[in-house]
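J.: Pasting a structure below so you can have a look.
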Amino acid sequence: MKNNSSNSSTETISETTSFTKEENAGGISQAPTSKKISFFSAMLIVMGGSIGAGIFFKSSSVLSLSQSSLVLAIFCWVIAAISVIAMALALVEISSARNDNLSLIGWAKVFCGKTMFKASKNFMFYIYLPLTYFFMPLYVIMSLQDGLGALINVNTEGATNPFTFGTGADWVIWTIISLMISGYFIVISGLSSKAGNIQNKVVTYIKFLPLAFVAVVGFVLVGLAGSSASATVVRPTTETIASGASLQTFAPGLGLFLAIGAIFFAYDGFYVAAGIQSEMKEPKKTPMAILIGLGITTAIYLIIAISMSINGDGSFYGMQETMQNQFGTQVANILFGVINLCIAIGVLGIINGFSMWGPRFTEDLLKEGELPFAHKYLNKLNDNKPIVGVCYALVISAPVVVVFTLIGALGYIDNYGVGYGAGMDKLYTFADLMANWTALFTFAFIMVSVYGGLKNRKTNKVVTDQKSYFKPAAIITIITVGISLGVTVLLPIIDLFLLSHVDPAAVAAAGGSYTDIVVSRIMLVVTLFLYAGLTFAPIYIENHINIKKFGSIEKYEEWQKQTFVVS
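Under this note's numbering, the first residue of the sequence shown is numbered 887, with each subsequent residue one higher.
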């Protein structure tokens, strides 16, 4: 899977305040009330913005990238947590420079200049927004298929088959359901923050059920059946470059940096907490709230990751067979089914939270004249009911979902092989590919903004609420995130060039598919460059259009300042 990924950026924790950052859904600006949030409420906001379903989709990858070493996997979680905590603390100062819905887009504008601002805007609107509605509903559907399959086949021994429609075009049916899910949340949560917050309250209570269950049952199973987990690296005995193995298989250090990058997905949404300072009763305690909140989150993640890792491959699915052996088929399948349904609801919460924010940051971009046809809708924008933002979100998302669904279901490879129905295994594999880069690009833009904030300490061009801990936090952020992102970007490119050393006969002898290896490696790099292209190419296209229309960029920017609200 957001990868972030995947946590809700809006979780209503406390009813003692009428305005919290969670109600902002990642940065929705509302007029603050006289009530302020307490230290405890702020800490819960941090946890609510960080804890999500991502742990269930990334724990297995982290263990695999750590070469099945539980010790190295735990080390990766700790290093990633330190990086995230440092980034969150750095963002306390960064976010103090603005108060709007743009979040990391606004931070890039203030601290990184025009080009990086435009790039972050393009990424968030043309990539992050529509693709969230591509792969997040798919992860809801996958968990739903697993849950319903287990409950329907409650007395079936061994692995439980996922629920399918049994047609030759299951992917079409599920795509229609996916579009309905996205459309519902974009419209309902986008237009009504009240409805979105009610839905968030429901999700808040439900999403902790699978977390608590897995944490407890995993250790119970080990007590009953023992564990096959390894504390040391399990080196491959038969895999070679010729047989299709990645370079990271033979270099545990590279795998660790990849694992840290994967963990970032599980924390995606933590940056919501950076803006709570202005709403706290005691703003000076903001860093401590972030530190404790993310510390507890890390402890929870570690417990769950260890619980799943000592019972198999690091995933909840790997625990199913052990549960059947120890609890009996019927009990195990009921538990497995119910927990997967809870996971599905947790992912719905992510979609709900993003849908509260997406239309609003879209309207903020329209206010500044940063999206096509902005001048036509300038007088129709509404902070409380962003109808125009909702329409933009629907128009940009629906075609992208349809196009990428067609590519995934009909033209991609199948790395699942579980039997999710016609086209679905391929579609899930393709969704994983598309999701892998989104959280990394998000963290990259935040890192660049933090670097800009560090430079600002010398120039003081931007007025911020300066913190004594900012410099060390910023340095830790830049080093850890920078190295992890660098390895994550370079390794697929190296693996692509290593295709020349892959022997089809050796791949077949190892039980693999040469075609699948070639397609997956090429598409991984193609997706990277596609993201980069859609992020930076529109800048030059916009400049060309504006020069042709206004005569120069300077004249266009002057018109923009006179026409729009440019911050």
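Here a beta-carbon is modelled for each residue, glycine too, at the ideal position from N, C-alpha and C. Just so you know, these numbers come straight off a predicted model, no measurement behind them.
(1) Determine the DSSP secondary structure at Ser-955, reduced to helix, strand or coil.
(2) Tell me whether Thr-1126 sits in a helix, a strand or coil according to DSSP, three-state version.
(3) Which term fits Gly-1139, buried or exposed, when burial requires 16 or more other beta carbons within 10 angstroms of its beta carbon?
(4) Which value, in whole angstroms, describes the spacing of the CA atoms of Asn-925 and Asn-1432?
(5) Which residue marks the beginning of the alpha helix (DSSP H) containing Thr-1215, and which one marks its end?
(6) Looking at the structure shown, is Gly-1303 part of a helix, part of a strand, or coil, going by DSSP?
(7) Please confirm whether Tyr-1426 and Trp-1323 have their CB atoms less than 8 Å apart.
(8) With distance defined between alpha-carbon atoms, name the residue in Phe-942, Phe-1450, Phe-1021 nearest to Ala-1260.
(9) Hey, would you say Leu-1319 sits closer than 8 Å to Thr-1413, going by beta carbons?
(10) Have a look at Phe-1151 and Gln-1085 and give me their C-alpha separation to the nearest angstrom.
(11) If I measure Cβ to Cβ from Gly-1244 and keep anything under 6 Å in the same chain, skipping five residues before and after, which residues do I get?
(12) Which residue comes first and which comes last in the alpha helix (DSSP H) that contains Asn-1008?
(13) Decide if the region 944-957 is in contact with the region 1139-1148; the criterion is three or more beta carbon pairs, one per stretch, under 8 Å apart.
(14) So Ser-1195 packs on Tyr-1019, CB below 8 Å; how close in whole Å?
(15) CA-CA distance, Asn-1429 and Ile-1439?
(16) Using only the alpha-carbon positions, how far apart do Ala-1360 and Lys-1344 sit?
(17) Does DSSP classify Pro-1390 as helix, strand or coil?
(18) Is the region 1071-1081 in contact with the region 1302-1322, if contact means three or more CB pairs nearer than 8 Å?
(19) Can the beta-carbon of Gly-1232 be found closer than 8 Å to that of Val-1089?
(20) Which residues in the same chain as Phe-834 place their Cβ atom closer than 6 Å to its Cβ, once the five residues preceding and following it in sequence are excluded?
(21) Please state if the CB of Val-1100 and the CB of Phe-1202 are separated by a distance shorter than 8 Å.
(22) Which term fits Gly-1076, buried or exposed, when burial requires 16 or more other beta carbons within 10 angstroms of its beta carbon?
(23) Can the beta-carbon of Ser-1029 be found closer than 8 Å to that of Gly-1104?
(24) Count Cβ pairs between the region 993-1003 and the region 1332-1352 that sit closer than 8 Å; are there 3 or more?
(25) Short of 7 Å in beta carbon distance, which residues of its chain neighbour Lys-1333, apart from the five on each side in sequence? Order them along the chain.
(26) Please identify the residue among Ala-994, Val-1281, Ser-969 whose C-alpha is closest to the C-alpha of Ser-981.
(27) With DSSP collapsed to three states, give me the class of Gly-1179.
(28) Assuming Ala-1128 contacts Ala-959 (C-beta within less than 8 Å), just tell me the rounded distance between them.
(29) Glu-1428 lies in the alpha helix (DSSP H); which residues open and close that run?
(30) Thinking C-beta only, is Ala-1308 closer than 8 Å to Asp-1056?
(31) Between the C-alpha atoms of Gly-1419 and Gly-1112, what's the straight-line distance to the nearest angstrom?
(32) If I measure Cβ to Cβ from Ile-1220 and keep anything under 8 Å in the same chain, skipping five residues before and after, which residues do I get?
(33) Using the Cβ count rule (16 or more neighbours within 10 Å means buried), how would you classify Met-1066?
(34) What residue does the alpha helix (DSSP H) around Ala-1137 start on, and which one ends it?
(35) Assign Thr-1291 to buried or exposed, taking buried as 16 or more other Cβ atoms, counted over all protein chains shown, within 10 Å of its Cβ.
T.: The structure says:
(1) strand
(2) The answer is coil: DSSP assigns Thr-1126 none of H, G, I, E or B.
(3) exposed
(4) Before going further, note that residue 925 is Phe rather than Asn in the sequence given. Spanning the two alpha carbons is a distance of roughly 48 Å.
(5) 1215-1253
(6) coil
(7) In this structure, Tyr-1426 sits away from Trp-1323, with a CB-CB distance that is not shorter than 8 Å.
(8) Put simply, of Phe-942, Phe-1450, Phe-1021 the residue whose alpha carbon is nearest the alpha carbon of Ala-1260 is Phe-1450.
(9) yes
(10) Distance between the alpha carbons of Phe-1151 and Gln-1085 is about 23 Å.
(11) Answer for Gly-1244: Leu-1015, Ala-1279, listed in chain order.
(12) 990-1008
(13) yes
(14) Contact doesn't hold; Cβ gap of about 32 Å is too wide.
(15) 7 Å
(16) 14 Å
(17) helix
(18) no
(19) yes
(20) An answer regarding residue 834 cannot be provided, because it is not within the stretch 887 to 1453 covered by the chain.
(21) yes
(22) buried
(23) No, Cβ-Cβ distance for Ser-1029 and Gly-1104 is not below 8 Å.
(24) The region 993-1003 vs the region 1332-1352: in contact.
(25) For the sequence presented, residue 1333 should be read as Met rather than Lys. Once the five neighbours on either side are set aside, the close Cβ partners of Met-1333 are Thr-1363, Ile-1364, Val-1367, Gly-1368.
(26) Ala-994
(27) Note: Gly-1179 maps to helix in three-state DSSP.
(28) About 28 Å separates the two Cβ atoms, so there is no contact after all.
(29) For Glu-1428, the uninterrupted alpha helix (DSSP H) segment begins and ends at 1400-1436.
(30) Yes. Within cutoff.
(31) 50 Å
(32) These residues qualify, in order along the chain: Ala-1036, Leu-1037, Val-1040.
(33) exposed
(34) First-last for Ala-1137: undefined, no H or E at that position.
(35) Thr-1291 is buried by the Cβ-count criterion.
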